[in-house]
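J.:
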Amino acid sequence: MITDDSEKNIALIEKGYQAVLEFIDQMEEISQLQDKVDITANINQIWKVFFNEIRNSIKMEACALFMVDEQSHEFVLKSASPSSMSFVCQSELEHQIECGMFSWIIRRRKPALVPSLALKNNKTIIMLPLVTAKRTLGMVFIVTGIEESAITQENMKLLAMLAKQCSLVMENSLLYDRLKKDHESLQRAQKQVLQAEKLASIGRLTTGASHEILNPLNILSGYIQLLAMKEGIDERTTRYLSIMSEQTERISRIVNGLYQFSQTSGASMEKVHINTLIRKVFQLFEHEHRYDHIHNVLDLQEDLPPIEGNADSLTQVMFTLLSNARDAMPRGGELNVSTRKMPSGSSDSGWIEIICRDTGHGIPEDVIDKIFDPFFTTKTLKNGTGLGLSISYGIIQNHGGTIRVDSKANEGTTVVIRLPCR
Ligand SMILES: Nc1ncnc2c1ncn2[C@@H]1O[C@H](COP(=O)(O)OP(=O)(O)OP(=O)(O)O)[C@@H](O)[C@H]1O
Ligand SMILES: [Mg+2]
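The following block contains the structure:
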């Protein structure tokens, strides 16, 4: 016989059973979240997905994400919803750190309910640590108006699972990012080694040869000049002699360039103030730039430390960069040269950077890999030997630095030089 009590019990069991089914469904959905987020997604995109899930899991008034900054190792606010709560969440974070709650939750690696210290009206805060087996990634703050006693164990379990999934997805994305960066820097290093090898073999080859060529060349151009001074020569011979003189001059320029190229490694080192050096080179171009409608912007960091270097060689590099920029802006434009010391504490500290940016015609993608090759030039035979950048490359390398060129056709070119200043 079924009594009222047993009917009530059955109804209760059914209700409980439904709740369990719902809970399992939610768990299953959460466990599949990983598949919804692409590995190439960034932290903001990942957070969007998880923020929606958190919002579906618990009634909340505000939610904030703090991530550990890789450089400073501090918790930095990444996102707050609504954004008007940013300040409140930030001060709440500071309170929780001060009272030791923060580090306790990180150590415990589980979500916890904490009474709000900064918020009034009995708000409860749920703190979800984002941790993986290897490291702490961040912390999620959920501000809710629900009383502490009304937050169930199931709520907390779901949130814990969400935090775990979110941590895993974020960790994967961060690892992917680092892998991508490592791969790119490896590719850059490989390119530099190839370039250095190429230049070294050319350097060896040219040391002796350039001397051997210059001597007979000087004799040749001397005779050409003598012939040109002779009286009574006809117009055609004068024209031929002028072409011969032009061409021997060109050979001389190339061979001189090659000679300098092979000499870049033996230069003596002294204390060089890069800003002073840049200002001097700019003075050389001042008149020309005004004439060519090139607007110069110099943005040199005041307290730039001096470097160990060879002033003549570095002047030659700056001269090359400024000549190339001028050639790229025949109808005028803007030339911006800036210097800066890399911030201490960063992975680049101990280095200075020179950036030379022009708004010229740029370098097409299919030739950018060739610009450091000796003799690569897009200029007329008269104007370019194609040695400027390859010599600069050798000089910067002998200073223990790096030189990189980024360019977009029709937009402009940026040359970035980094030199050690330890
Ligand atoms: N700022 C720049 N804007 C556009 N193209 C550039 C720039 N700098 C270099 N280039 C390209 O790279 C090529 C190689 O430059 P590099 O300075 O080595 O030789 P060059 O200027 O042609 O001749 P030179 O030996 O007289 O300097 C140039 O011919 C040009 O096509
Ligand atoms: Mg050049």
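The numbering used here puts the first residue of the sequence shown at 38, with every later residue one more than the last.
Positions of the beta carbon are idealized from the N, C-alpha and C atoms, including for glycine.
Owing to the predicted nature of the structure, the values given are computational and were not obtained by experimental measurement.
(1) When you measure from the CB of Ser360 to every non-hydrogen atom of ligand 1, does any distance come out below 7 Å?
(2) What is the DSSP secondary structure of Met97, counted as helix, strand or coil?
(3) Check whether the Cβ atoms of Ser210 and Ile83 sit closer than 8 Å, and answer yes or no.
(4) Would Gln133 be called buried (16 or more neighbouring beta carbons within 10 Å of its own) or exposed?
(5) Would you call the segment 117–132 in contact with the segment 92–102, where contact means no fewer than 3 C-beta pairs closer than 8 Å?
(6) List the DSSP bridge partners of Cys393.
(7) Below 7 Å CB to CB, which residues in the same chain sit around Met355 once its five sequence neighbours on both sides are set aside?
(8) Kindly indicate the opening and closing residues of the alpha helix (DSSP H) around Leu114.
(9) Check whether the Cβ of His398 sits closer than 7 Å to any heavy atom of ligand 4, and report yes or no.
(10) Mind the definition here: the segment 416–432 touches the segment 356–366 only if three or more C-beta pairs lie below 8 Å; say whether that holds.
(11) Would you identify the three-state DSSP class for Ile76, choosing helix, strand or coil?
(12) Less than 8 Å between the C-beta atoms of Ala233 and Gln434, yes or no?
(13) Using only the alpha-carbon positions, how far apart do Thr274 and Leu335 sit?
(14) Indicate, with yes or no, if ligand 2 has a heavy atom lying under 7 Å from the CB of Leu426.
(15) Give me, in chain order, the residues of the same chain whose beta-carbon lies closer than 7 Å to that of Ala78; leave out the 5 immediate sequence neighbours on both sides.
(16) Assign Asp329 to one of three DSSP states: helix, strand, or coil.
(17) Please tell me whether Thr181 and Lys96 are closer than 8 Å, where the distance is taken between their beta carbons.
(18) Compare the beta carbon distance of Leu456 and Ile389 with 8 Å and say whether it is the shorter of the two.
(19) Would you say Gly431 touches ligand 2, meaning its beta carbon is less than 7 Å from a heavy atom?
(20) Does the beta carbon of Thr417 fall short of 7 Å from some heavy atom of ligand 2?
(21) Helix, strand or coil: how does DSSP classify Gly387 here?
(22) Is Thr169 closer than 8 Å to Glu208 when the C-beta atoms are compared?
(23) Is the beta carbon of Gly423 within less than 7 Å of some heavy atom of ligand 1?
(24) Would you check whether ligand 2 has a heavy atom nearer than 7 Å to the C-beta of Thr243?
(25) Assuming Val125 is part of the alpha helix (DSSP H), what are its boundary residues?
(26) Assuming Gly397 contacts Gly370 under a Cβ cut-off of 8 Å, what Cβ separation, rounded to an integer in Å, is found between them?
(27) Touch check for the segment 439–448 and the segment 371–380: three-plus C-beta pairs under 8 Å?
(28) Bridge partners of Pro166, per DSSP?
(29) Where does Arg363 fall in DSSP's three states?
(30) From Gln320 to His330, what distance separates their C-alpha atoms?
(31) Could you tell me which residues DSSP puts in a beta bridge with Thr161?
(32) Just the C-alpha distance for Ala246 and Gln224, rounded to the nearest angstrom, thanks.
(33) DSSP state of Val404, grouped into three classes?
(34) Taking all protein chains shown into account, decide if Asp406 is buried (16 or more other Cβ within 10 angstroms of its Cβ) or exposed.
(35) Would the C-beta of Thr357 count as close to ligand 2, meaning under 7 Å from any of its heavy atoms?
(36) On the premise that Asn347 lies in contact with Ser305, defined as a C-beta separation below 8 Å, what is that separation, rounded to the nearest angstrom?
T.: If we stick to the structure as given:
(1) yes
(2) coil
(3) yes
(4) buried
(5) yes
(6) Val374, Val452
(7) Leu314, Ile315, Val318
(8) Membership of Leu114 in any alpha helix (DSSP H) is not indicated; the residue belongs instead to the beta strand (DSSP E) covering 112–118.
(9) Looking for ligand 4 in the displayed structure turns up nothing; the ligands present are ligand 1 and ligand 2.
(10) yes
(11) coil
(12) Yes, Cβ-Cβ distance for Ala233 and Gln434 is below 8 Å.
(13) 49 Å
(14) Because some heavy atom of ligand 2 lies under 7 Å away, the Cβ of Leu426 counts as near it: yes.
(15) Ser210
(16) coil
(17) yes
(18) The beta carbons of Leu456 and Ile389 sit closer together than 8 Å.
(19) no
(20) no
(21) coil
(22) Contact check for Glu208 against Thr169 passes: the beta carbons are separated by less than 8 Å.
(23) yes
(24) no
(25) 123–135
(26) 6 Å
(27) no
(28) Met176
(29) helix
(30) Distance between the alpha carbons of Gln320 and His330: 15 Å.
(31) Pro152, Thr181
(32) 33 Å
(33) coil
(34) The residue is exposed, with fewer than 16 neighbouring Cβ atoms inside 10 Å.
(35) Thr357 has its CB nearer than 7 Å to a heavy atom of ligand 2.
(36) 6 Å between Cβ atoms; contact.
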